[in-house]
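Numbering (the working numbering), first residue to last: 1437 to 1545. By construction, the Cβ of each residue, glycine as well, lies at the ideal position given by its N, Cα and C atoms. Report on one structure; see the data block that follows.
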Amino acid sequence: MIVSFSLENWMSFRSRVTFSMVASRERQHGDRVPKLGKYQTRVLPVAAIYGGNASGKTNFFKALSFAKALVVKGTQPDSLIPVEPFRLDAKGAGQPSRFGFELLIDEII
């Protein structure tokens, strides 16, 4: 399970953005949110991403898909990685794009 996914300098995202499945401290419906006792944290079983037109939803999922492909398929030594950095200012093109995952596998983050 994805606990969090972060990206930076990718398509329409210049600064670091993080999608997190960690529940807030709100207590309403807390009995329905699974708790990882080992980590003293609660992880949401479901989430929704919504927003206005052209707010980055599609680019977020493109970033998730791109990062997944890098992890699952890897790269070839002589092949170029098709990176799409933030292009709305001059700094983005010269900076690295970054992706990060926190995963829950067999009750270990």
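Of the residues S1451, S1440 and S1501, the one whose Cα lies closest to the Cα of S1533 is S1451. A straight-line Cα-Cα distance of about 9 Å links L1472 and I1544. With fewer than three CB-CB distances shorter than 8 Å, the stretch 1524-1543 does not count as touching the stretch 1481-1496. For T1511, there is no enclosing alpha helix (DSSP H), as DSSP gives it neither H nor E. CA-to-CA, the gap between S1501 and K1509 works out to about 12 Å.
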